[in-house]
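Residue numbers (this note's numbering): 22 to 254.
Let me begin by presenting the structure, written as structure tokens, before commenting on it.
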């Protein structure tokens, strides 16, 4: 059995006056975390014309984060909206992390509140340091949810690095919240596995993080198995 292919979104960076030197940018721990969970990570450039072929060969989609507080380029945002819509249509497993959760929630009818003053307060635990490599605050998890199943109990500690947050309602259920009410996790029945988290499980600071990534890759493996069975029938 081959490892399921997981597409990872990425940022683009351009030097002023050097448009021909555009760079694809993604922290390596996203790919390392997917590989450790048993998947084959492939970085997906924001090229709309290639999207149908890319989705045809993959078994899951990881919507990655961005630089904290950054307004992602319109090109990336539009591409990710198209990616989410087509991935849902194909019933591919989806995991959104930080910015990725916000984009997933927005695609499902929610809204993104940018630079929320409460998140920028010196006492806020959501933006504690430049790198989210320490546990910052706890969250409550909904029983019976995917996030509740991968955690050790009804509450768990998470890391954090964000200035924006998801607000409102949509075609999803809020399955994790911080003590101050910030949405930390959403789930939807639009695909067999459609989960967004506001924290950064790719740092794998807790067993909950590793279990979440393994559950995502397991869903992608199931999609791979189902696709192969259809091809043989």
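The beta-carbon is built from N, C-alpha and C at its ideal position, and this holds for glycine as well.
Using a 10 angstroms sphere on the CB of residue 70, the tally of other CB atoms stays under 16, which defines it as exposed.
Note on geometry: alpha-carbon atoms of residue 173 and residue 229 lie some 7 Å from one another.
With contact defined as three or more Cβ pairs closer than 8 Å, the stretch 93-101 and the stretch 185-198 are not in contact.
The secondary-structure analysis by DSSP pairs residue 179 across a beta bridge with 158.
With fewer than 16 other Cβ atoms from the protein chains shown falling within 10 Å of its own Cβ, residue 144 counts as exposed.
Annotation for residue 56: 62 place their beta carbon closer than 7 Å to its own, counting only its chain and skipping 5 residues before and after. With contacts defined as CB atoms closer than 8 Å, residue 27 and residue 60 qualify as a contacting pair. In this structure, the CA atom of residue 115 is about 12 Å from the CA atom of residue 233. The three-state secondary structure of residue 32, taken from DSSP, is strand. The C-beta distance from residue 211 to residue 109 rounds to 5 Å, short enough to fall under 8 Å. Annotation for residue 85: 29, 30, 31, 47, 51, 118 and 121 place their beta carbon closer than 7 Å to its own, counting only its chain and skipping 5 residues before and after. Shown here for residue 181: same chain residues with a beta carbon closer than 8 Å to its own, the five before and five after excluded, namely 146, 147, 148, 149, 153, 157, 158, 219, 220 and 221 in chain order.
If you compare the alpha carbons of 100, 239 and 140 with that of residue 75, the shortest gap goes to 100.
Residues of the same chain with a CB within less than 7 Å of the CB of residue 225, apart from the 5 flanking positions on each side, are 54 and 231 in chain order.
For residue 105, the enclosing alpha helix (DSSP H) stretches over residues 95-110.
Relative to residue 235, the option among 164, 178, 251 and 170 whose CA is nearest is 170.
In this structure, the beta-carbon distance from residue 66 to residue 242 does not fall below 8 Å.
For residue 26, the secondary structure class from DSSP, reduced to helix, strand or coil, is strand. A residue is called buried when at least 16 other Cβ atoms come within 10 angstroms of its Cβ; residue 200 does not meet this threshold and is exposed.
DSSP, reduced to helix, strand and coil, places residue 223 within a helical segment of the structure shown.
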